[in-house]
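The block underneath contains the structure these notes are about, expressed in structure tokens.
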Amino acid sequence: FSSGSKEHIGKVAFICKDMSFYAGGFMGILRANSGKMLPRYLYELMNTSAVRAVLRASCTGSNIQNLSNSIGDIKVPVPPLAEQKKLVAVCEAIDLKVKKAESEILKLRLKLSAILDGLKGRKTIPLSEMCAAINPPRSEVAAKPDSLEVTFVDMSSVSNDGYIEHRQIRTLAEVRKGGYTYFTEGDVIVAKITPCMENGKCALANDLKNGIGFGSSEFHVFRTTSMASAAFLFY
Numbered sequence: 010f011s012s013g014s015k016e017h018i019g020k021v022a023f024i025c026k027d028m029s030f031y032a033g034g035f036m037g038i039l040r041a042n043s044g045k046m047l048p049r050y051l052y053e054l055m056n057t058s059a060v061r062a063v064l065r066a067s068c069t070g071s072n073i074q075n076l077s078n079s080i081g082d083i084k085v086p087v088p089p090l091a092e093q094k095k096l097v098a099v100c101e102a103i104d105l106k107v108k109k110a111e112s113e114i115l116k117l118r119l120k121l122s123a124i125l126d127g128l129k130g131r132k133t134i135p136l137s138e139m140c141a142a143i144n145p146p147r148s149e150v151a152a153k154p155d156s157l158e159v160t161f162v163d164m165s166s167v168s169n170d171g172y173i174e175h176r177q178i179r180t181l182a183e184v185r186k187g188g189y190t191y192f193t194e195g196d197v198i199v200a201k202i203t204p205c206m207e208n209g210k211c212a213l214a215n216d217l218k219n220g221i222g223f224g225s226s227e228f229h230v231f232r233t234t235s236m237a238s239a240a241f242l243f244y
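Residue numbers for the sequence shown follow the working numbering, so the first one is 10 and each next one is one higher.
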């Protein structure tokens, strides 16, 4: 219900059985009117990007975004219970496939970690020796025209799994004066402030418009001497 970031507003979980837990102070509880709406249908509905967008747009506040005073006024579609049951069955089948896929992804990531763990005990060097530049200056694009289109990546667009989920296209004029972090194709970007740093937010910058990227001021940028060493550093 409340957060310092709109991105967290509307995060939802389904409680499928009684638990001896309490919810945090920034969280709220929704209990379905079972005569009109199946609890699992309400959860699936609240978990859609469309409803999340409405929730974020409805919250108010300056430092802390707050939804609790307005959530009851949000309108949602309510088909007959029989149709809700069918929709829930489809969603649950898809969720099961997602869980199986996530389990396989986890196994592969553990395998990847085991491969890199084999480097323990090898000679080490400072990152400054491996990199051609750390946090390269924006003066590199000073001569580029303001109309040049570039890629913009905010912190929420970098997943904890190590890739860029969303890319925005902006003009150089929009980003060069905003205090944003500058990077180019093949650079490695890493969150430098907790909790994002603790969560491992990191990505290899690729598919950048015109090979140029700008992003959150909370990124460190590491530039190596080749794409091969950049990919190695990323892993």
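We put the beta carbon where it would ideally sit given N, CA and C, even for glycine.
Looking at the C-beta of residue i, does it have a partner C-beta in chain C at a distance below 8 Å?
| i | result |
| --- | --- |
| G130 | The question asks about chain C, but that chain is absent: this structure has only one protein chain. |
Return the residue from the list the options that minimises the CA-CA distance to residue i.
| i | options | result |
| --- | --- | --- |
| A239 | E194, A151, E113 and F223 | E194 |
| I173 | T180, P146 and F223 | F223 |
| K218 | S156, P146 and E92 | S156 |
| A142 | G130, H229, P48 and L115 | H229 |
| S77 | G34, P89 and I114 | G34 |
| S79 | I178, R185 and G37 | G37 |
| L96 | K201, G188, E53 and A200 | E53 |
| N144 | E111, I198, N56 and G70 | I198 |
| N208 | R179, R131, S165 and K132 | S165 |
| G81 | I114, L64, G188 and T133 | L64 |
| H17 | R118, N75 and K26 | N75 |
| P146 | G188, S112 and P135 | G188 |
To the nearest angstrom, how far is it from the Cα of residue i to the Cα of residue j?
| i | j | result |
| --- | --- | --- |
| V7 | C100 | The question about residue 7 has no answer, for the chain in this structure spans 10 to 244. |
| M28 | N42 | 20 Å |
| F243 | V167 | 13 Å |
| A182 | E138 | 33 Å |
| K186 | S226 | 12 Å |
| P48 | R40 | 7 Å |
| L90 | C205 | 41 Å |
| F192 | I73 | 31 Å |
| E149 | Y50 | 52 Å |
| R176 | G44 | 43 Å |
| V159 | I221 | 5 Å |
| F161 | G19 | 25 Å |
| S12 | D163 | 18 Å |
| A200 | E92 | 44 Å |
| R61 | M55 | 7 Å |
| I116 | I103 | Checking the sequence, you will find Lys at residue 116 rather than Ile. Roughly 20 Å separates the two Cα atoms. |
| D126 | P88 | 52 Å |
| C130 | L105 | Note that residue 130 is Gly in the sequence shown here, rather than Cys. Roughly 41 Å between the two C-alpha positions. |
| P154 | T234 | 26 Å |
| A214 | C140 | 15 Å |
| K132 | K15 | 44 Å |
| I70 | I114 | Sequence check: residue 70 is Gly here, not Ile. Between G70 and I114, the C-alpha separation is close to 39 Å. |
| I83 | K26 | 26 Å |
Would you mind reading off the limits of the alpha helix (DSSP H) that contains residue i?
| i | result |
| --- | --- |
| E111 | L90 to D126 |
| A59 | S58 to S67 |
| R49 | P48 to M55 |
| E16 | E16 -> no alpha helix (DSSP H), and no H or E assigned at all. |
| E138 | L136 to M139 |
Can you tell me whether residue i is buried or exposed? The criterion is at least 16 other CB atoms within 10 Å of its CB, across all chains shown.
| i | result |
| --- | --- |
| R232 | buried |
| D196 | buried |
| M236 | exposed |
| A212 | buried |
| I24 | exposed |
| K120 | exposed |
| F30 | exposed |
| T190 | buried |
| F241 | exposed |
| V85 | exposed |
| A110 | exposed |
| K210 | buried |
Over what stretch of residues does the beta strand (DSSP E) that includes residue i continue unbroken?
| i | result |
| --- | --- |
| F161 | E158 to V162 |
| V199 | V197 to A200 |
| F243 | F243 -> not in any beta strand (DSSP E); alpha helix (DSSP H) instead, spanning M236 to F243. |
| V85 | That residue, V85, is in no beta strand (DSSP E); it is neither H nor E in DSSP. |
| F228 | F228 to R232 |
Segments assigned beta strand (DSSP E), at least 3 residues, entirely inside the region 172-223: 177-180, 190-193, 197-200 and 211-213
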